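Visitor: Take a look at the following structure, please.
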Amino acid sequence: MDAQQLKGHLDLLLLASLEHGPRYGGQIIADVQAATDGYFSLREGTLYPALHRLEKQGFLRGEFQVLPRGGSPVKVYTLTPAGQRELRAQRERYEQFARAVRGVIGGCHERHRPVFAPGHAWAVGPEAPRSAVGTARGH
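The numbering used here applies: residue 23 is where the sequence shown begins, and numbers increase by one.
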């Protein structure tokens, strides 16, 4: 896992992991790891400070519970109504970000890449040469 890629997206991952019901820390770690095919393997030192911060902001509610398997009580986190709104807002911001990145790097949405046609102004299309993209920005 690249910690830099996780930065800025951790809150979204945590809020989304609680979208379908309460979870304790170990479940959140396992859920995120399973949902990302192991790409994100959260450490407790990353997870718990973020959960406490989200709880302090009112997006999560945490309460200690004894699990059916027994043992010591664990803190179980639940998404609050404010957390549900925050999840929707963060999800939308992430989708806008992802669309913008795809617009630059290509992929299935190759349209809107600048194309230089001699004798014409800049046009839009998938056939833009890479050198023209740099030239358009003065690089």
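The beta-carbon is built from N, C-alpha and C at its ideal position, and this holds for glycine as well. Because the structure is a prediction, the values reported are computed rather than measured.
Who are the Cβ neighbours of residue 26 in its own chain at under 6 Å, not counting the five residues just before and after it?
Guide: Your numbering for residue 26 matches position 4 in the sequence shown. Contacts found: none.
Visitor: In terms of residues, what are the limits of the alpha helix (DSSP H) holding residue 29?
Guide: Taking the sequence shown and counting its residues from 1, one reaches residue 29 at position 7. Unbroken run through residue 29: none, as it is neither H nor E.
Visitor: For a test of the three-state rule: what should DSSP assign to residue 84, helix, strand or coil?
Guide: Counted from its first residue, the sequence shown places residue 84 at position 62. It is a strand residue.
Visitor: Which class does residue 100 belong to by DSSP, given the choice of helix, strand or coil?
Guide: Here the question's residue 100 lines up with position 78 in the sequence shown. DSSP places residue 100 in strand when its eight states are reduced to three.
Visitor: What is the rounded straight-line gap between the Cα of residue 88 and the Cα of residue 97?
Guide: Sequence index remark: in the sequence shown, residue 88 carries index 66 (1-based). Sequence index remark: in the sequence shown, residue 97 carries index 75 (1-based). If I take the Cα positions, the gap works out to 9 Å.
Visitor: Looking at the unbroken alpha helix (DSSP H) that takes in residue 74, where does it start and where does it end?
Guide: To locate residue 74, count along the sequence shown from 1; it is residue 52. First-last of the alpha helix (DSSP H) with residue 74: 66-78.
Visitor: Assuming residue 48 is part of the alpha helix (DSSP H), what are its boundary residues?
Guide: In the sequence shown, counting from the first residue as 1, residue 48 sits at position 26. 47-57 is the span of the alpha helix (DSSP H), which, as asked, contains residue 48.
Visitor: Helix, strand or coil: which one does DSSP assign to residue 41?
Guide: As a working mapping, residue 41 is identified with position 19 in the sequence shown. Residue state, collapsed to three classes: coil.
Visitor: Whole angstroms are fine: how far does the CA of residue 90 sit from the CA of residue 31?
Guide: Counting from 1 along the sequence shown, the entry for residue 31 is found at position 9. Counting from 1 along the sequence shown, the entry for residue 90 is found at position 68. About 32 Å.
Visitor: Within 10 Å of its beta-carbon, does residue 119 have 16 or more other beta-carbons around it, so buried, or fewer, so exposed?
Guide: Within the sequence shown, the letter at position 97 stands for residue 119. The residue is exposed, with fewer than 16 neighbouring Cβ atoms inside 10 Å.
Visitor: In three-state DSSP terms, what is residue 89?
Guide: Numbered from its first residue, the sequence shown carries residue 89 at position 67. Of the three classes helix, strand and coil, the one that applies to residue 89 here is coil, per DSSP.
Visitor: Cβ of residue 80 within 8 Å of Cβ of residue 111?
Guide: As a working mapping, residue 80 is identified with position 58 in the sequence shown. As a working mapping, residue 111 is identified with position 89 in the sequence shown. Contact: no.
Visitor: Around the C-beta of residue 131, are 16 or more other C-beta atoms found within 10 angstroms, so that it is buried, or is it exposed?
Guide: Start at 1 with the first residue of the sequence shown, and residue 131 comes out as number 109. Its pLDDT being 48, under 50, residue 131 is placed unreliably in this model, and the value from its coordinates should be taken loosely. When all chains shown are included, residue 131 counts as exposed.
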